[in-house]
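Below is one structure, written out as structure tokens; the observations come after it.
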Amino acid sequence: GAVVSQHPSRVICKSGTSVKIECRSLDFQATTMFWYRQFPKQSLMLMATSNEGSKATYEQGVEKDKFLINHASLTLSTLTVASAHPEDSSFYICSARLTPHEQYFGPGTRLTVT
Amino acid sequence: GENVEQHPSTLSVQEGDSAVIKCTYSDSASNYFPWYKQELGKGPQLIIDIRSNVGEKKDQRIAVTLNKTAKHFSLHITETQPEDSAVYFCAASKSAGTYKYIFGTGTRLKVLA
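Protein chains in written order, with our numbering: chain D, 1 to 114; chain X, 1001 to 1113.
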């Protein structure tokens, strides 16, 4: 149980285009999901907290107009990287909260912007 | 601000030996401490967790200990196997707000066959 999927697993796009990443909790409902960014050989950096039916909460320094989050249902949150640039290339990982403390992570999405 | 320090950053052990990874947290209100294993190109996988009302928890070859007074917690892996090779992250959270995690910086464990 507690399986989280992400789609796509890899995406390559041209600079200036927008990319949407989906995060789904497959066997449980999650009112809260989290979006992280991870650079090579570094830890996970929390970008934002996604709350079903309400606006996302962004961490300090994260541009809300660039990283658009929508949590329209109890099993789906989406992250859209608007007008992506090479510096947005990274590994994006979502997690879904099963219990107040427990988070289960998706497999990640590798974004490459050329 | 809230911080979790993790040591060592890299650890090499011989197959069959034990491995210990230590974390120290700064926020005394933290009350939940999970450990995640991340393999290359994959998302983190929860391997064990401990709550602040417990001093130790064990699951087969993996154990976690917590010292609330010193604000330390440690991951112990016994009888290591090559498939234990991965990056391990500790985290801390508290029962407030969104219960978000503060992650450690990670430990790259290599088990030598």
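Where is the CB? At the ideal position from N, CA and C, for every residue including glycine.
TODO: Answer yes or no: do D:LEU46 and D:GLU59 have a C-beta to C-beta separation smaller than 8 Å?
DONE: Stepping through the first sequence from its first residue, residue 46 of chain D is reached at position 46. Stepping through the first sequence from its first residue, residue 59 of chain D is reached at position 59. In contact: D:LEU46 and D:GLU59 (Cβ atoms closer than 8 Å).
Open item on the list: Does D:PRO8 come out as helix, strand or coil in the three-state DSSP assignment?
Closed with: Against the first sequence, residue 8 of chain D aligns to sequence position 8. When secondary structure is reduced to three states using DSSP, D:PRO8 falls in the coil class, being assigned neither helix nor strand.
TODO: Can you give me, in chain order, the residues of the region 19-37 of chain D that have a beta carbon less than 9 Å from any beta carbon in chain X?
DONE: THR32, PHE34, TYR36
Open item on the list: Is the beta carbon of X:SER1018 closer than 8 Å to that of X:HIS1076?
Closed with: For the purposes of this step, residue 1076 of chain X is identified with residue 76 of the second sequence, where counting begins at 1. For the purposes of this step, residue 1018 of chain X is identified with residue 18 of the second sequence, where counting begins at 1. Yes, the Cβ-Cβ distance between X:HIS1076 and X:SER1018 is below 8 Å.
TODO: Can you tell me the Cβ-Cβ gap for D:ALA82 and D:SER18, rounded? I've got them flagged as a contact below 8 Å.
DONE: Within the first sequence, numbered from 1, the residue matching residue 82 of chain D stands at position 82. Within the first sequence, numbered from 1, the residue matching residue 18 of chain D stands at position 18. Indeed, because the Cβ distance is near 5 Å, the residues count as touching under 8 Å.
- [ ] Tell me whether X:LEU1112 is buried or exposed, calling it buried when 16 or more other Cβ atoms sit within 10 Å of its Cβ.
- [x] If you number the second sequence from 1, residue 1112 of chain X lands on position 112. Per the 10 Å Cβ criterion, exposed.
Open item on the list: Classify D:SER54: buried if its beta carbon has 16 or more other beta carbons within 10 angstroms, exposed otherwise.
Closed with: As a working mapping, residue 54 of chain D is identified with position 54 in the first sequence. It is exposed - the Cβ of D:SER54 has fewer than 16 other Cβ atoms within 10 Å.
Task: Neighbouring residues, chain D, relative to X:GLY1104 (Cβ below 9 Å) - done: Counted from its first residue, the second sequence places residue 1104 of chain X at position 104. Correct list: SER43.
Open item on the list: Please identify the residue among X:GLN1038, X:THR1105, X:PRO1034 whose C-alpha is closest to the C-alpha of X:ILE1048.
Closed with: Residue mapping note: residue 1048 of chain X aligns to position 48 of the second sequence, counting from 1. For X:ILE1048, the nearest C-alpha among the options comes from X:PRO1034.
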